[in-house]
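K.L.:
When we follow full-length UniProt numbering, the leftmost residue of the sequence shown carries the number 1, and every step to the right adds one. We put the CB at the ideal spot given by N, CA and C, even for glycine. Mind looking over this structure? Questions follow.
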Amino acid sequence: MPWKKQETVADSAEDQASPQDANASAEVDSDADGGVTKEKNSKAFTPKKGKATPKRNEQERKHGVRRSAYTAPATPGEARKQRKELKASMSKEEYKAMKQRKKDEANRERRRANQRMMAGDEDYLMDRDKGPEKRFVRDWIDSRRYMMNFFLPLALLVIVIMIFGMSNPNIANLASLVMMVVFLIMIGEGIWLGRRINREVNERFPNNPHGKFSLGLYAFTRATMIRRLRTPAPQKQIGDSV
Numbered sequence: 001m002p003w004k005k006q007e008t009v010a011d012s013a014e015d016q017a018s019p020q021d022a023n024a025s026a027e028v029d030s031d032a033d034g035g036v037t038k039e040k041n042s043k044a045f046t047p048k049k050g051k052a053t054p055k056r057n058e059q060e061r062k063h064g065v066r067r068s069a070y071t072a073p074a075t076p077g078e079a080r081k082q083r084k085e086l087k088a089s090m091s092k093e094e095y096k097a098m099k100q101r102k103k104d105e106a107n108r109e110r111r112r113a114n115q116r117m118m119a120g121d122e123d124y125l126m127d128r129d130k131g132p133e134k135r136f137v138r139d140w141i142d143s144r145r146y147m148m149n150f151f152l153p154l155a156l157l158v159i160v161i162m163i164f165g166m167s168n169p170n171i172a173n174l175a176s177l178v179m180m181v182v183f184l185i186m187i188g189e190g191i192w193l194g195r196r197i198n199r200e201v202n203e204r205f206p207n208n209p210h211g212k213f214s215l216g217l218y219a220f221t222r223a224t225m226i227r228r229l230r231t232p233a234p235q236k237q238i239g240d241s242v
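Here you go:
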């Protein structure tokens, strides 16, 4: 019958198409499997761990080593209490070793800070020595000689002569006269130095924030100090250009 012929034709078409569809799906599956295999074999591929990485505080709580945040003592009494508690939690040898370790660390840090200050590091200088203007004044003073450089040694010598010359008034009077002359020379040289240093600083640093008196006094005090005792240490030799 006609309708049976149509069903037979449809069935035969499906039978012919099914092997092709199966082959196509197999090819797609193989391509997908190949892509996954390539991804797994790639160096950039990182396999999943299956769970999130635990945080450090969670691990510390798990092992019982989680510490509370450190708070500085508000009063000296609290500081003493904390020291006593710390001392009670340690043996005598451990406490001594801890104190010695802290002392050594403090000494090392102090020496390092002093070395950096003597080298002229701005981060370690005192407020009176900070700034490019003050650095220029130090270099300018350190590269020249002045009568004021010998003020302290001469003053010490005169004092010694006056002490040991008490039995001879003439020697004591002569020492006093010499000291007075040196003092007058030092005052005159200090006034000249203050004016000269202010003129040099204003020429090189038009936006100089320091007053004339403060710069002059800074130069005067450094010039009267013995070279080896100057702080920061001189970075220029006598005769160097600034």
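Consult DSSP for A119 and reduce its assignment to one of helix, strand or coil.
P.N.:
It is coil, neither helix nor strand.
K.L.:
If you draw a straight line from the C-alpha of residue 300 to the C-alpha of V201, how long is it?
P.N.:
The displayed coordinates of the chain run from 1 to 242. Any statement about residue 300 would go beyond what the structure contains.
K.L.:
V182 by DSSP, collapsed to three states: which one?
P.N.:
In the structure shown, V182 sits in a helix (DSSP, three-state: H, G or I).
K.L.:
Spatial neighbours of G239 within its chain, please: CB distance less than 7 Å, with the 5 preceding and 5 following residues excluded, ordered by chain position.
P.N.:
Within the same chain, G239 has close Cβ partners S143.
K.L.:
Just mark M180 as buried or exposed, buried being the case when its beta carbon has 16 or more other beta carbons within 10 Å.
P.N.:
Burial call: exposed.
K.L.:
Closest to N208 by CA distance: which of F136, K96 and A72 is it?
P.N.:
It is F136 whose Cα lies nearest to the Cα of N208.
K.L.:
If we require 4 or more residues per run, which alpha helix (DSSP H) segments fall completely within the stretch 147 to 203?
P.N.:
If we require 4 residues or more, the alpha helix (DSSP H) runs fully inside the stretch 147 to 203 come out as 151 to 164.
K.L.:
Taking the alpha helix (DSSP H) that Q82 belongs to, which residues open and close that run?
P.N.:
Taken as a continuous stretch (DSSP letters only), the alpha helix (DSSP H) holding Q82 covers P76 to A88.
K.L.:
Does P153 pass the burial test, meaning 16 or more other C-beta atoms within 10 Å, or should it be called exposed?
P.N.:
Looking at its Cβ environment, which holds fewer than 16 other Cβ atoms inside 10 Å, P153 is exposed.
K.L.:
Would you report the Cα separation of D121 and N168, rounded to the nearest angstrom?
P.N.:
Whole-angstrom Cα-Cα distance: 51 Å.
K.L.:
Check A223 in the structure and name its three-state DSSP category.
P.N.:
Here A223 sits in helix by DSSP.
K.L.:
Buried or exposed for E39, please, with buried defined as at least 16 other CB atoms from any protein chain shown within 10 angstroms of its CB.
P.N.:
Annotation note: pLDDT 48 at E39 (below 50); position unreliable, coordinate value reported separately. Exposed, by the Cβ-count rule.
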